[in-house]
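**Q** I am attaching a structure below and will ask some questions about it afterwards.
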Amino acid sequence: MVLLMFFACAKKDESFIQKMEDKAPIPHPNKVPDAWLLAHIDVETTGLLPGHHEMIDVGIVMTTLDGDILDSLFLRIQPAHPQRLSPGAKAVNAFDADHWQEMGALAQSVAVDSIIAFHKRTAGEKHVLMVSYNSHFDAAFIDHLFRSANKTWRDLYYYFILDIPSMAWGLGIRELTSNWIRDRYQVTDEPHIAEKHTGITGAMVNVRIYKALLQYRQDIMSNVPLKK
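If you read the sequence shown in our numbering, its first letter stands for residue 203, the second for the next number, and so on.
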């Protein structure tokens, strides 16, 4: 029985990997920008360690490459191991398992299905880049959430992931917070009261920062002399 389970899992993994490698080449955003969208994602969790700690909510804002909002999704998620909640996470997002249940938090598998349905409805056949502030953190938790439902986020998003601090760094803004760009363009921050601090408030402020960075680049380019 153990051997049968092993070979079944191995076959499933091989099929999954083959499916990823068999994908046809995708035209890049600079070639066909209208064929691409951005999914600005922010998650709240029970702690900092993906795979041990879990997501308790997620916000996704789908936009054009110019940052124009097309649709958004917010889900509360009931973690399988709420007892692993860290004090630091609770201070940030006020997670309480009983309260989450009262607010209709979804089981992890249902949350995954909801994200997939949102993606199909909003993106259709377009290619989507994931965008996040702390990209490795959000992507790792998304990965574990999808794996818990025997699915992969790679069916939804391109394997490159964009992060906002790197965008700012490339424009000469060498800070890891968004304070400077938010102050310059009067970008409204998200709430920092734990009960109001959610994935969707984070995703929405990320969109605002992204648009401010695009404006900053435009302002810089407007001062560059044209070649004669």
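In this text, a Cβ means the ideal position worked out from N, Cα and C, and glycines have one as well.
Which of the three DSSP states is assigned to G261 in this structure?
**A** G261 sits in a strand when the DSSP states are folded into three classes.
**Q** With C-beta atoms as the reference, is H346 less than 9 Å away from E256?
**A** yes
**Q** Compare the beta carbon distance of Y412 and L239 with 9 Å and say whether it is the shorter of the two.
**A** no
**Q** Across which residues does DSSP place S274 in a beta bridge pair?
**A** V263
**Q** What is the DSSP secondary structure of H399, counted as helix, strand or coil?
**A** Here H399 sits in coil by DSSP.
**Q** For I317, which residues does DSSP report across the bridge?
**A** Answer by DSSP bridge pairing: none, since I317 is not bridged.
**Q** With DSSP as the reference, please indicate the residues paired to M332 in a beta bridge.
**A** A241, I363
**Q** Exposed or buried, Q310, counting other C-beta atoms within 10 Å across all chains shown (16 or more means buried)?
**A** buried
**Q** I think L267 touches P227, with their Cβ atoms under 8 Å apart; what is that distance to the nearest whole Å?
**A** No, L267 and P227 are not in contact; Cβ-Cβ is about 20 Å, not under 8 Å.
**Q** Could you spell out where the alpha helix (DSSP H) holding E392 opens and where it closes?
**A** Counting along the chain, E392 falls outside any alpha helix (DSSP H), and DSSP gives it neither H nor E.
**Q** For E397, count neighbouring Cβ atoms within 10 angstroms of its own Cβ and tell me buried if that reaches 16, exposed if not.
**A** exposed
**Q** When burial is assigned at 16 or more other CB atoms within 10 Å of the CB, is T390 buried or exposed?
**A** The residue in question, T390, is exposed, as its Cβ has fewer than 16 Cβ neighbours within 10 Å.
**Q** Using the Cα positions of D385 and G326, report the straight-line distance between them to the nearest angstrom.
**A** A straight line joining the alpha-carbon of D385 with that of G326 spans about 36 Å.
**Q** Rounded C-beta distance between A405 and G269? I'm assuming under 8 Å.
**A** With a Cβ gap of about 12 Å, A405 and G269 do not count as contacting.
**Q** How many whole angstroms separate the CB atoms of L358 and I422, which I take to be in contact at a CB cut-off of 8 Å?
**A** Actually they are not in contact, since the Cβ atoms of L358 and I422 sit about 33 Å apart, beyond 8 Å.
**Q** Classify L415 as helix, strand or coil using the three-state DSSP reduction.
**A** helix
**Q** Could you have a look at T247 and say whether DSSP puts it in helix, strand or coil?
**A** The answer is strand: DSSP assigns T247 an E or B state.
**Q** Comparing C-alpha positions only, which one of R323, E377, E392, A414 sits nearest to L272?
**A** R323
**Q** Counting along the chain, where does the alpha helix (DSSP H) carrying N295 start and finish?
**A** Counted as a single uninterrupted DSSP element, the alpha helix (DSSP H) harbouring N295 occupies residues 289-295.
**Q** Can you have a look at T248 and say buried or exposed, based on whether 16 or more other CB atoms are within 10 angstroms of its CB?
**A** Counting of Cβ neighbours within 10 angstroms places T248 among the buried residues, the total reaching 16 or more.
**Q** Determine the extent of the alpha helix (DSSP H) in which A283 is found, giving its start and end residues.
**A** Sequence check: residue 283 is His here, not Ala. Where H283 is concerned, there is no enclosing alpha helix (DSSP H), given that its DSSP letter is neither H nor E.
**Q** Once the 5 residues before and after T354 are set aside, which same chain residues still bring their CB inside 6 Å of it?
**A** The answer, listed in chain order, is F348.
**Q** For I279, does the three-state DSSP call read helix, strand or coil?
**A** Collapsing the DSSP output to three states places I279 in a strand.
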